[in-house]
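All remarks here apply to the structure that follows.
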């Protein structure tokens, strides 16, 4: 019996020694961890970019005040933000700068054109990359490290088709498509989701990313007798669409836009058509049960309410912190595996569970109507 007891004792000692060696090989938990935010602070999307930065900063400050710890060690979180100027080159340079700073994760970019080159750059480093950009292809550009914070454009395109034909009862639909990855991607998903019979697309035209919707385009919409116009483009194109439809006398029509045109400035504009609606991949914080507490804290800190999606960046920081705490490790492989395994602890969103591909498992899309300067929620759903 003695040899057996000795063997068991030796195996136990070997296991303890191996655990000690592996523990010693694990990088120590640092005193400070940097989180990067890549977002426009200048240019046409500056307000939304600053919104993301402020949301992330609020979460960092709260976690620091709560004495955030990993493996029992207090860790200070630090936010590092870079202005990508809403430009592709600015985004690439900004991503490289954040990686040089040694950030543990990157939140951003805001929009798809900037995210297309950035996601592979961050993927090469292997750290988590959270973004609000909606281009359906983006999570596939990562290496298991890309995490989208809201619904993608494939789902938004499907939602737009349902809203246009069911909620708005459109029978003759015209589409105005931005000539780029954003507009074309949405249009492709929209067309694929259209009913096989009944409502039909009667006119389609493309507009350059820096061009306006002309009266000639509006005349084609009028000639096609469209009752709903779906716009897969941005604010300048929307406002020029309104002006051109008014000029050609085709105002007895409903216009439906996407998340990029749902802002306060657009809602405050005179609406010359019968009605104007927009879908939203970023649902307002106030629509969530815990949204009021976030809005109160945000307003108290920054002196104003958020303008768009600050709560998504806020919850991304909490999700990241939760994953690091549960992993008890800052190794990229451990962090990424944990993010895909857990229901991250978030403060506003009802759920931020990620799929294996990095998409939201339960992505909400809202449907809003512009009415006298405000956006009124018509419905919100994760089932389209």
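Residue numbers (our numbering): 42 to 425.
Each residue gets a CB set at the ideal place from its N, CA and C atoms; glycine is no exception.
Can you give me the Cβ contacts of residue i inside the same chain, cut-off strictly under 7 angstroms, excluding the 5 residues immediately before and after it?
i, result
"residue 324", "405, 407 and 421"
"residue 129", "154, 155 and 158"
"residue 417", "409 and 410"
"residue 367", "379 and 383"
"residue 188", "169, 170, 171, 380, 395 and 399"
"residue 226", "176, 177 and 194"
Whole angstroms is fine: what's the gap from residue i's alpha carbon to residue j's?
i, j, result
"residue 186", "residue 318", "34 angstroms"
"residue 425", "residue 199", "7 angstroms"
"residue 292", "residue 119", "51 angstroms"
"residue 296", "residue 246", "15 angstroms"
"residue 149", "residue 349", "14 angstroms"
"residue 332", "residue 265", "43 angstroms"
"residue 135", "residue 239", "48 angstroms"
"residue 152", "residue 357", "16 angstroms"
"residue 414", "residue 304", "10 angstroms"
"residue 400", "residue 306", "30 angstroms"
"residue 103", "residue 394", "22 angstroms"
"residue 163", "residue 108", "29 angstroms"
Using CA atoms only, rank isn't needed, just tell me which of the options is closest to residue i.
i, options, result
"residue 398", "380, 156 and 389", "380"
"residue 142", "344, 367, 285 and 76", "76"
"residue 322", "216, 203, 423 and 306", "423"
"residue 94", "72, 342 and 378", "342"
"residue 85", "301, 311, 336 and 400", "301"
"residue 287", "215, 313 and 222", "313"
"residue 277", "338, 250 and 73", "250"
"residue 327", "346, 311 and 316", "346"
"residue 334", "71, 387 and 70", "387"
"residue 97", "172, 279 and 294", "172"
"residue 99", "353, 412, 374 and 273", "353"
"residue 68", "206, 389, 184 and 370", "370"
According to DSSP, which residues form a beta bridge with residue i?
i, result
"residue 318", "297 and 410"
"residue 170", "147 and 187"
"residue 120", "76"
"residue 272", "217"
Using a threshold of 7 angstroms, is the CB atom of residue i nearer than that to any non-hydrogen atom of the ligand COA?
i, result
"residue 121", "This structure lacks the ligand COA, and indeed carries no ligand of any kind."
Mind checking if residue i is an interface residue toward chain D, Cβ cutoff 8 angstroms exclusive?
i, result
"residue 109", "In the displayed structure, chain D is absent; only one protein chain is listed."
Could you name the residues of the same chain whose beta carbon sits closer than 6 angstroms to that of residue i, not counting the 5 residues immediately before and after it, in chain order?
i, result
"residue 146", "76, 168, 169 and 361"
"residue 428", "Outside the modelled stretch of the chain, which goes from 42 to 425, sits residue 428, for which no answer is possible."
"residue 140", "166"
"residue 373", "167 and 168"
Grab me the residues of residue i's own chain with a C-beta within less than 8 angstroms of its C-beta, minus the 5 sequence neighbours each way, in chain order.
i, result
"residue 242", "214, 215, 216, 232 and 235"
"residue 330", "391"
Across the region 122 to 131 and the region 81 to 100, are there enough close Cβ pairs to call them in contact, namely three or more that are closer than 8 angstroms? yes
Pairs of beta-carbons, one from the region 227 to 234 and one from the region 254 to 263, closer than 8 angstroms: are there three or more? no
How do the region 266 to 279 and the region 206 to 219 stand: do at least 3 beta-carbon pairs fall below 8 angstroms, yes or no? yes
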